[in-house]
């Protein structure tokens with residue numbers, strides 16, 4: 460989470476992706492990916508910085524949606540879920 464927080468801070472300082480990449484060790488593609496996630500979120504970068512690590516993590520890595528068809532398969536093959 461430290462790198463994500465640093466990314467947010469450096470973006471607020473209006474540094475280029477190339478400079479942020481040099482300072483954080485993240486690739487520019489990774490920086491673009493995270494910026495896209497942050498830009499789609501309703502909170503500002505300043506507000507995102509105030510979130511706990513757990514809250515920030517849930518924004519960057521939202522829980523995967525389970526396919527409803529999997530429920531039916533688990534019902535039909537209950538022993539397969541544990542393998």
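In the numbering used here, the protein residues as written are 460 to 542.
All C-beta atoms, glycine included, are put in the ideal place defined by N, C-alpha and C.
If you check the CB distance, residue 467 and residue 504 come in under 8 Å. Secondary structure note for residue 527: its alpha helix (DSSP H) is the uninterrupted segment 527–535.
Your pair residue 512 and residue 460 checks out as a contact, with CB atoms roughly 4 Å apart and the cut at 8 Å.
The Cβ-Cβ distance between residue 491 and residue 476 falls below 8 Å. Assigned with DSSP and collapsed to three states, residue 520 falls in coil, not helix or strand. If you check the CB distance, residue 462 and residue 483 come in under 8 Å. Here residue 493 is buried, its C-beta having at least 16 other C-beta atoms within 10 Å.
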